[in-house]
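K.L.:
This is the structure I have questions about; it appears just below.
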Amino acid sequence: MPYNVKEVVANKPSRFTSGHRMCAGCGAPPAARMIMRALKPEDHAVVAVATGCMEVSTFMYPYTSWTDSFIHTAFECAGATLSGAEAAYKSMKKQGKINNTTKFIAFGGDGGTYDIGLQSLSGAMERGHDMVYVCYDNGAYMNTGIQRSSATPHFADTTTSPAGTVIPGKMQQRKDLTTIMAGHHLPYVAQTVGYMNFKDLYEKAEKAIYTEGPCFLNVLAPCPRGWGYPTDMLMQINKLAVETCYWPLYEVVDGKYKINYKPAKKLPIEEFLKPQKRFKHMFKPGNEWMIEEFQKEVDRRWQELLDLEEMTNKEHFE
Amino acid sequence: MSIRERLSGNEAAATAMRQINPDVVAAFPITPSTEIPQYFSTFVANGAVDTEFVAVESEHSAMSACIGAEAAGGRAMTATSANGLSFMWEMIYIASSLRLPIVLSLVNRAVSGPLNIHNDHSDAMGVRDAGWIMLFSENNQEAYDNLLMAHRIAENEKVMLPLMVCQDGFITSHSVENILLEEDEKVKEFVGEYHPKHYLLNQDEPIAVGPLDVQSYLFEHKAQQAEAMKNAKQVILDVAKDFEKMTGRKYGLFEEYKLDDAEVAIVCMNSTAGTTKAVVDELREQGKKVGLLKLRVFRPFPVDEVAEALGHLKAIAVLDKADSLNAAGGALFEDVTSAMYVNKKQVPAINYVYGIGGRDTRADEIEKVYNDLFEIVKTGDVKNPYRYLGLRKEAED
Chain U
113 MPYNVKEVVA NKPSRFTSGH RMCAGCGAPP AARMIMRALK PEDHAVVAVA TGCMEVSTFM
173 YPYTSWTDSF IHTAFECAGA TLSGAEAAYK SMKKQGKINN TTKFIAFGGD GGTYDIGLQS
233 LSGAMERGHD MVYVCYDNGA YMNTGIQRSS ATPHFADTTT SPAGTVIPGK MQQRKDLTTI
293 MAGHHLPYVA QTVGYMNFKD LYEKAEKAIY TEGPCFLNVL APCPRGWGYP TDMLMQINKL
353 AVETCYWPLY EVVDGKYKIN YKPAKKLPIE EFLKPQKRFK HMFKPGNEWM IEEFQKEVDR
413 RWQELLDLEE MTNKEHFE
Chain Y
3 MSIRERLSGN EAAATAMRQI NPDVVAAFPI TPSTEIPQYF STFVANGAVD TEFVAVESEH
63 SAMSACIGAE AAGGRAMTAT SANGLSFMWE MIYIASSLRL PIVLSLVNRA VSGPLNIHND
123 HSDAMGVRDA GWIMLFSENN QEAYDNLLMA HRIAENEKVM LPLMVCQDGF ITSHSVENIL
183 LEEDEKVKEF VGEYHPKHYL LNQDEPIAVG PLDVQSYLFE HKAQQAEAMK NAKQVILDVA
243 KDFEKMTGRK YGLFEEYKLD DAEVAIVCMN STAGTTKAVV DELREQGKKV GLLKLRVFRP
303 FPVDEVAEAL GHLKAIAVLD KADSLNAAGG ALFEDVTSAM YVNKKQVPAI NYVYGIGGRD
363 TRADEIEKVY NDLFEIVKTG DVKNPYRYLG LRKEAED
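Going down the list, the protein sequences come from chains U and Y. Start counting the first sequence at 113; every next residue gets the next number (our numbering). Start counting the second sequence at 3; every next residue gets the next number (our numbering).
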């Protein structure tokens, strides 16, 4: 059945309820809500969330926004925590101690995934647990007050990579976690964002949840506080991230790359950078080189992705 | 009928785990506990257990996975030593605060640095305030027996706390000694099945575990943990009574060895108690009234019972296999002396830090401790209560 956002929302009640304390204009809650909607209504889920904005805002004792079972332990170990729950499920199911169908979904921010939780994630994926790890990537440690992470884009102004008079923001380029996860040779890896009525996000979530084995989703989740855009501009920022090829929508299925959306006319990166205060200094006279360099890296990575798609879809790759 | 066997401490622990047949074991290799997951994965590979063995990429993930598994509704076990436990430290606190009765086999080893793979108790002492029940074992038999009793204690609804069974690295873990094993079926019946009240995999009652718990509730939750730890003492004794019915082997909060009529005594834990018993026997033959209190239950600390058992002595020495580096004495010494103080038992007490990094503690050194105690009794002068035993160049006095 072709995707229809209205039908999905009407037929599948939200399993991530309102009343949470996430900021207006944050990209994470709509993404989490749509990912949870991709579950079959009859299936139970165990959700593990790494310490971060999403955890502290959705489960403050004694209130929770999650209608499924939920566990939070610490910052760096959502992958390992959920792998233990999945192992218990496998063991107890085999012994006939439980008989329901449970799906396992982890959420972590870029801090808890690209950085401090990378080992735990890598281990859980390598061991082949039947689970989905979702990174909601807002490109910095937003929960502690906008400190740079390895996902923070080049030149971004954060509280630990401030744009100063000598050093103009973060001097390193961002880590490419999606291809690192593809390097684990998982059955399903995808990069997505809430765009075009969440079609891409929803469909990828459904595939990830219902593909057996370890799957990974990297979801861009803009942060109005850290990025410095007006809260009503969330969906526009998502769109610009895709249309500039800053955040390409693609998936890697059993090693084959597939770019799900190729803009007919790639927008210049300024369009994405301009509405965000974290890149403000890049638009000062004399700093044109920063935008040029940024554009060059976006182009290089986009081309790399096109090459990967071509290479992995050649016949001998079968 | 118990089965006569010869096993190392690690083999005994792995055998107990096989008989317990937990739902999940998540573990990472570290000397000297490596053999436990090694033996256990053989049981898994040969279908001797129903367990999912999760070969994690670190001890941090081992404890995280145990937490996930136990919260999901399963029984989860692990084993580690020294730096492995240090790396788990964050999760050790989380396991107890989430009230998950995980059982850990701790093969005691010196925490780095510098690197040392041999026995002392610095790993266990590093988590003494973490809210885990901590049982110490003199030998392979006690390591085995303590593990068989572990789940009955930890999973008691008045307790619901994680539990670690300690044994001395190499000294116990790698020494093959005689042991009495119980039959598989009897162990299965004794340990029983685990039916948690609330668990993640229960679709009929989804739960949320591990909240952000701010000023309004954390204090109450910590107070509940403290209450559970107090409750554990009686449960440990009750389970020991049942265990005695099955095996004939008797366990309490501690073992009193020729303590009743003793004038001076040593307090220690784990394998050193074996050496001390030999010294006690020898000195008794010489007519010296010496005794031993071997602590089994370190957490909860049996404050009143310890004070009662030691109150009649003329002098005591507490042996700590880890220094607190507080310039005052080891953790066991602090606990024993504070127990006596609050119970108004005024007995001269000295502390010996000993056996650090696997330094062998010989019978003549234990004998020296008893002689030092008699000297204190004679002169009434404790001099320096914080001493070292067996240092290349004695730094005491």
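Think of the CB as a built atom: it goes at the ideal place given N, C-alpha and C, for glycine as much as any other residue. All of these numbers come straight from a predicted model, not from anything done at the bench.
(1) Compile a chain-ordered list of the residues in the stretch 42-60 of chain Y whose CB is closer than 8 Å to at least one CB of chain U.
(2) Identify which residue in Y/Gly49, Y/Gly313, Y/Pro198 and Y/Ala84 has its Cα closest to the Cα of Y/His120.
(3) Y/Val305 lies in the alpha helix (DSSP H); which residues open and close that run?
(4) So for U/Gly221, helix, strand or coil by DSSP?
(5) Taking the alpha carbon of U/Gly340 as the reference point, which residue from U/Val121, U/Thr129 and U/Cys135 has its own alpha carbon closest?
(6) Kindly indicate if chain U contains any beta-carbon less than 8 Å away from that of Y/Ile38.
(7) Quick check: the Cα distance between Y/Asp399 and Y/Gly331, rounded to an integer number of angstroms?
(8) With 8 Å set as the bound, which would you pick, yes or no: does the beta-carbon of Y/Gly212 sit closer than that to a beta-carbon of chain U?
(9) Please identify the residue among Y/Ser273, Y/Met271 and Y/Ala319 whose C-alpha is closest to the C-alpha of Y/Val292.
(10) If contact is defined by three or more beta carbon pairs under 8 Å, each pair taking one atom from either stretch, is the stretch 391-400 of chain U in contact with the stretch 364-371 of chain U?
(11) Residues of chain U with CB closer than 8 Å to the CB of Y/Leu203, please, in chain order.
(12) Does the pairing of the stretch 11-21 of chain Y with the stretch 310-324 of chain U give three or more beta-carbon distances under 8 Å?
(13) In three-state DSSP terms, what is Y/Ile155?
(14) Which residues in chain Y sit within 8 Å of U/Cys189, going by Cβ to Cβ distance?
(15) Leaving out five residues on either side along the sequence, give the residues of the same chain with a beta carbon under 6 Å from the beta carbon of Y/Arg301.
(16) How about Y/Leu163 and Y/Pro103: do their beta carbons lie closer than 8 Å?
(17) Considering only DSSP beta bridges, list what Y/Lys414 is partnered with.
(18) Express the C-alpha separation of U/Val158 and Y/Ser340 in angstroms, rounding to a whole number.
(19) With three or more beta-carbon pairs closer than 8 Å as the criterion, would you say the stretch 36-54 of chain Y touches the stretch 16-28 of chain Y?
(20) Go through its chain and collect everything with a Cβ distance to Y/Asp337's Cβ below 7 Å, but skip five positions before and after it.
(21) Mind checking U/Arg286: buried by the 16 CB within 10 Å criterion, or exposed?
(22) DSSP three-state label for Y/Val211, please.
(23) Does DSSP put Y/Glu398 in a helix, a strand or coil?
(24) Counting only Cβ pairs nearer than 7 Å, list the residues of chain Y close to U/Thr256.
(25) Looking only at C-alpha atoms, which of Y/Arg364, Y/Gly212 and Y/Met166 sits nearest to Y/Val281?
(26) Once DSSP output is grouped into helix, strand and coil, what is the label at U/Asp242?
(27) Whose Cβ in chain U lies nearer than 7 Å to the Cβ of Y/Asp25?
(28) For a cutoff of 8 Å on Cβ pairs, would you count U/Val168 as touching chain Y?
(29) Please give me, in chain order, every unbroken run of the alpha helix (DSSP H) with length at least 4 that falls completely inside the stretch 131-158 of chain U.
(30) Could you name each continuous beta strand (DSSP E) segment of 3 residues or more that falls completely within the stretch 309-341 of chain U, going from the start of the chain to the end?
(31) With the cut-off set at 8 Å, would you say Y/Ser43 and Y/Thr82 are in Cβ contact?
(32) Give the secondary structure of U/Tyr369 by DSSP, where H, G and I count as helix, E and B as strand, and everything else as coil.
(33) Would you say U/Tyr173 reaches chain Y, if we count a Cβ-Cβ gap shorter than 8 Å as a contact?
(34) For U/Gly257, does the count of other Cβ atoms within 10 angstroms reach 16, so buried, or fall short, so exposed?
(35) If you reduce the DSSP assignment to three classes, tell me which class U/Trp178 lands in.
(36) Roughly how many angstroms separate the alpha carbons of Y/Ser98 and Y/Lys323, rounded to a whole number?
P.N.:
A quick look at the data gives this:
(1) Asp52, Thr53, Glu54, Val56, Ala57, Val58, Glu59 and Ser60
(2) If we check each option's Cα against that of Y/His120, Y/Ala84 comes out closest.
(3) DSSP places Y/Val305 in the uninterrupted alpha helix (DSSP H) bounded by Val305 to Leu312.
(4) strand
(5) Out of U/Val121, U/Thr129 and U/Cys135, U/Cys135 has the C-alpha closest to the C-alpha of U/Gly340.
(6) no
(7) Any reading at Y/Asp399 must be qualified, since the residue scores a pLDDT of 49, below 50, and its modelled position is unreliable; the value itself is stated next. Their Cα atoms are separated by approximately 14 Å.
(8) yes
(9) Y/Ala319
(10) no
(11) Those are His156, Val158, Ser181, Ala197, Ala200, Tyr201, Met204, Ile210, Asn212 and Thr214, listed as they occur along chain U.
(12) no
(13) helix
(14) His62, Ser63, Ser66 and Met93
(15) Ile135 and Met136
(16) yes
(17) Absent from the structure is residue 414 of chain Y, since the part of chain Y shown begins at 3 and ends at 399.
(18) 45 Å
(19) yes
(20) Phe303
(21) buried
(22) strand
(23) At Y/Glu398 the pLDDT is 49, less than 50, meaning the model places this residue with poor confidence and gives no usable figure here.
(24) Per Cβ cutoff of 7 Å: no residues; U/Thr256 is ~14 Å from chain Y at best.
(25) Here the closest residue by C-alpha is Y/Arg364.
(26) Correct three-state label for U/Asp242: coil.
(27) Ala200, Ser203 and Met204
(28) Output row for U/Val168: interface = yes.
(29) 140-149
(30) 327-332
(31) It is not a contact, given that the beta carbons lie outside the stated cut-off.
(32) strand
(33) When Cβ-Cβ separations below 8 Å define contact, U/Tyr173 makes contact with chain Y.
(34) exposed
(35) strand
(36) 25 Å
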